[in-house]
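Its first residue numbered 410, the sequence shown is counted upward by one per residue in the working numbering. We put the beta carbon where it would ideally sit given N, CA and C, even for glycine.
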Amino acid sequence: YTGIGRANNVVQNIDRITDMDPVLQKRLKAEARVMRAFLYNILINLYGDVPLITEPVEIIADAKKVRESKEKVFDFIVKELDLAIPDLPPGYGQSDIGRITKGAAYALKARACLWQGHFKEARDAAKAVIDLGTYQLLPDYSKLFTYSTENNIEVILDDQYMPIHRTHNSFQQLGPRSSEGLSNYVPTRSLVDAYEPLDPRRNATILFPGDINPYEDGNQIFDPSPGSKTPDEANVSYDATCTGYQFKKYVLKEDRAYNTRCNINLVEIRYADVLLMFAEAENEVNATPSPAAYNAVNDVRYRARPADHKDDGTILPDLKNLS
410 YTGIGRANNV
420 VQNIDRITDM
430 DPVLQKRLKA
440 EARVMRAFLY
450 NILINLYGDV
460 PLITEPVEII
470 ADAKKVRESK
480 EKVFDFIVKE
490 LDLAIPDLPP
500 GYGQSDIGRI
510 TKGAAYALKA
520 RACLWQGHFK
530 EARDAAKAVI
540 DLGTYQLLPD
550 YSKLFTYSTE
560 NNIEVILDDQ
570 YMPIHRTHNS
580 FQQLGPRSSE
590 GLSNYVPTRS
600 LVDAYEPLDP
610 RRNATILFPG
620 DINPYEDGNQ
630 IFDPSPGSKT
640 PDEANVSYDA
650 TCTGYQFKKY
660 VLKEDRAYNT
670 RCNINLVEIR
680 YADVLLMFAE
690 AENEVNATPS
700 PAAYNAVNDV
710 RYRARPADHK
720 DDGTILPDLK
730 NLS
């Protein structure tokens, strides 16, 4: 609600500025609407019915509102995004990188509608992102969450960080104990099993027992097995993995020495999300799976398995149960 309050102030008061470029004024108001919708979408999916506050709060009593129905808040979210989309550009120059774009607003609408079961609206919003032609899948998934590819062609919306001024502690939270991490969040076995064994995205995301530790020099092996007597031995300490796995995603060697001051951007929505949202919504809208749905899913899998890719509506062998 702190973020919602800030957005409320912008939406309510920016028109009072009489000497501002009107195009910029509309764009900033649209950005605030999108951020407000983004936050409300998180709230209704966590809590269901929530207070719907759309104006600046003047006194404490104004903040003590009863909860509105999830459906009413969802309708507000969609209305906000529809109002914002016409005033947002498809992209920005380098000096404004990371700001809210038309594609981000459409993608958020697709996500909100999909989560609430409004499949046609979700399908159409996702298709609008695809039709912009602004985004592509980054060819190498393993480089998607690295400093070298920040703000890449797949990223639609991300949380921007920068050295010293705005940082986070992803390495400390996710990294292995042998590299000064705390293993506070680790992959579960069910996540590991969700990957096909030969899917390269699996090894790009998860550090497995027996792998070379990528955060140390030399060929140090990550060994969390019980009785190993290594710093990573499972369950021997509060800051050792409890499953035997560690995340690689957002855990970068560049942050090893300053593990509480990481500045890798955290991605909120990327083009792969949009393709999969489109496929799911398209599949729900039609009585039978459509070639468009298969092609969208196949495009995502093509990055991992380029030799199997077909763009003619046929089905990859492990997608035959999509329906």
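Residues that residue i bridges to, as DSSP identifies them
i    : result
Q582 : Paired residue(s): none; Q582 is not in a bridge.
F656 : I615
R575 : M571
I423 : BP columns for I423 are empty, so no partner.
I630 : I621
C671 : H577
Proximity test, residue i beta-carbon vs the ligand FMN heavy atom, cut-off 8 Å
i    : result
H527 : Annotation note on the ligand FMN: not contained in the displayed structure, which lists no ligands.
Beta-carbon spacing of residue i, residue j below 9 Å
i    : j    : result
H577 : L448 : no
I539 : L684 : yes
D496 : K435 : yes
S579 : D664 : yes
N668 : G542 : no
L616 : Q655 : yes
A446 : I486 : yes
V432 : E489 : no
Nearest-angstrom Cα separation, counted from residue j out to residue i
i    : j    : result
A516 : P640 : 42 Å
S732 : T697 : Low confidence applies here, because S732 scores a pLDDT of 39, under 50, leaving its location unreliable; read the following figure in that light. Cα to Cα, the separation comes out at about 7 Å.
T463 : I413 : 8 Å
D491 : S551 : 35 Å
N695 : K518 : 20 Å
A701 : I565 : 21 Å
L546 : I468 : 47 Å
R520 : I494 : 15 Å
S599 : V419 : 43 Å
R714 : D608 : 8 Å
Q393 : Y659 : Beyond the ends of the chain as shown, which are 410 and 732, falls residue 393; an answer cannot be given.
D626 : P465 : 53 Å
Boundaries (first-last residue) of the beta strand (DSSP E) holding residue i
i    : result
D602 : Looking at the DSSP string, D602 is not in any beta strand (DSSP E); the run it does join, the alpha helix (DSSP H), is 598–603.
D568 : 564–568
R679 : 675–679
Start and end residues, alpha helix (DSSP H) containing residue i
i    : result
R532 : 528–541
C522 : 511–524
R710 : 700–713
Counting only runs that start and end within the segment 456–497, where is the alpha helix (DSSP H) found for 4 or more residues in a row? 469–472, 479–493
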